[in-house]
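The structure appears below as structure tokens.
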Amino acid sequence: MKKWTTIGRALMLGVAMTGPAAMGQDDAPAQPAQATEQAELPSAESLFERHIEAIGGKDKVFAIKTRRFTSTLKIYQGSDEKPVRTGILRVTAKAPDSLIQEIIYPGVSTTTKYFDGKAGWTVEQGQPAAAMSPDELERFAVGARFYADADYKNQYKTYTTVNSQDVNGDTIYIVEVEYFSGRKGAVVFSKSSGLIVGAAGVRDLNGQPIEFRRSYEDYTDFGSGVLTAKTIREVVGGAMIEIISNTIETGIEFPAIERPEGIEDVDLSKFRKE
Numbered sequence: 001m002k003k004w005t006t007i008g009r010a011l012m013l014g015v016a017m018t019g020p021a022a023m024g025q026d027d028a029p030a031q032p033a034q035a036t037e038q039a040e041l042p043s044a045e046s047l048f049e050r051h052i053e054a055i056g057g058k059d060k061v062f063a064i065k066t067r068r069f070t071s072t073l074k075i076y077q078g079s080d081e082k083p084v085r086t087g088i089l090r091v092t093a094k095a096p097d098s099l100i101q102e103i104i105y106p107g108v109s110t111t112t113k114y115f116d117g118k119a120g121w122t123v124e125q126g127q128p129a130a131a132m133s134p135d136e137l138e139r140f141a142v143g144a145r146f147y148a149d150a151d152y153k154n155q156y157k158t159y160t161t162v163n164s165q166d167v168n169g170d171t172i173y174i175v176e177v178e179y180f181s182g183r184k185g186a187v188v189f190s191k192s193s194g195l196i197v198g199a200a201g202v203r204d205l206n207g208q209p210i211e212f213r214r215s216y217e218d219y220t221d222f223g224s225g226v227l228t229a230k231t232i233r234e235v236v237g238g239a240m241i242e243i244i245s246n247t248i249e250t251g252i253e254f255p256a257i258e259r260p261e262g263i264e265d266v267d268l269s270k271f272r273k274e
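Following this line, the structure appears as structure tokens:
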């Protein structure tokens, strides 16, 4: 099914995931016998620092203040070889935490989500603006942080390396992270490249917790001197979402965000470090 890299495929199939599947459960399963003793594992901090160096280093990362991703978005169901939907994903962002996300299905619909650092709302084509749900607001409050994993000390409340796995000639390290909301997840690093190659966790879908797994592949320099995952694949709820970046522009003029009437500031302190 599609042209996945070997590491990406392993992540989607759950080969490297030992803890994330249980993150929404009260009782976590026992760790596998082959798990490396924690004392032998590299620290989570060292893994994040190596990732930052691998993508270009802090100076280059923090020199960027605005950017725009334009990507092809495909959604697959089950084992289908062809996507059930294909569209355009455009994400425009500004440091420290302003973001506009557009999902465009040409000739069908456009959905635009806004986060201005203090509130988030959605505008469906032809519909009035609506405040984001609490779960979506958390995802945007965390995801809109412009520097994200390059500023991991402010992205996560805690981070601990919990396991390693050998996958197709590479070693993958799994770091369990806790967000400031208390939600837990995992970030997966490649030993050979030093890059973040996956993530996993649990999110709310229609009031029910549902697990997701995500792979980051094909790291590419789009002209800024910083490597970015060109391909992101996420498996959630029986579907696979594939995002392939076509262009990433930096140093762009960020459009003014005008907050609609009725959208008020919200308390974000429970979602992120202030």
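Counting in the numbering used here, the sequence shown runs from 1 upward without gaps. Note that CB positions come from ideal geometry on N, CA and C, so glycine has one too. As the structure is a computational prediction, the values presented were derived from the model and not from experiment.
Just to confirm, are residue i and residue j a CB contact at a threshold of 9 angstroms?
i	j	result
Asp97	Ile257	no
Phe222	Glu249	yes
Thr158	Glu178	yes
Leu11	Val188	yes
Ile196	Asp149	yes
Val123	Ala129	yes
Arg272	Arg90	no
Ser181	Thr171	no
I think residue i touches residue j, with their Cβ atoms under 8 angstroms apart; what is that distance to the nearest whole Å?
i	j	result
Gly56	Leu227	6 angstroms
Thr92	Gly251	12 angstroms between Cβ atoms; not a contact.
Tyr216	Ala229	4 angstroms
Lys191	Tyr173	7 angstroms
Thr111	Ile103	5 angstroms
Ala54	Gly194	4 angstroms
Closest to residue i by CA distance: which of the options is it?
i	options	result
Asn246	Ala229, Thr72, Lys58, Asp204	Thr72
Thr86	Arg272, Ile243, Val142, Pro255	Ile243
Glu81	Asn154, Glu264, Gly207, Ile241	Ile241
Lys184	Asp166, Ile196, Thr160	Thr160
Val142	Tyr105, Ala95, Ser164	Ala95
Gln127	Gln155, Lys113, Gly207	Lys113
Glu264	Gly194, Thr70, Lys118	Lys118
Val167	Gly237, Phe48, Gly198, Gln125	Gly198
Tyr152	Phe48, Thr231, Pro260, Arg68	Phe48
Ala44	Tyr105, Glu176, Pro260, Val108	Glu176
Let me know if residue i comes out buried or exposed under the rule of 16 or more other beta-carbons within 10 Å of its beta-carbon.
i	result
Gly262	exposed
Ser269	exposed
Gly169	exposed
Pro29	Summary for Pro29: the model assigns pLDDT 41, below 50, so the residue's position carries little reliability, and this model does not support an answer.
Gly120	buried
Leu205	exposed
Asp267	exposed
Excluding sequence positions up to five away, which residues of its chain have a Cβ less than 6 angstroms from the Cβ of residue i?
i	result
Tyr76	Pro83, Met240
Thr70	Arg90, Asn246, Thr247
Tyr105	Gly87
Ser109	Gln125
Phe254	Thr66, Lys94
Sorted by chain position, which residues of the same chain lie with C-beta nearer than 7 angstroms to residue i's C-beta, five sequence neighbours on each side aside?
i	result
Ile52	Lys58, Val61, Ala150
Glu138	Ser181, Phe271
In chain order, what residues of the same chain have a beta carbon less than 8 angstroms from the beta carbon of residue i, not counting five sequence neighbours either side?
i	result
Gly225	Gly56, Lys60
Let me see if you follow: with CB-CB separation under 9 angstroms, is residue i close to chain D or not?
i	result
Ile243	Checking the listed chains, one finds no chain D in this structure; it contains a single protein chain.
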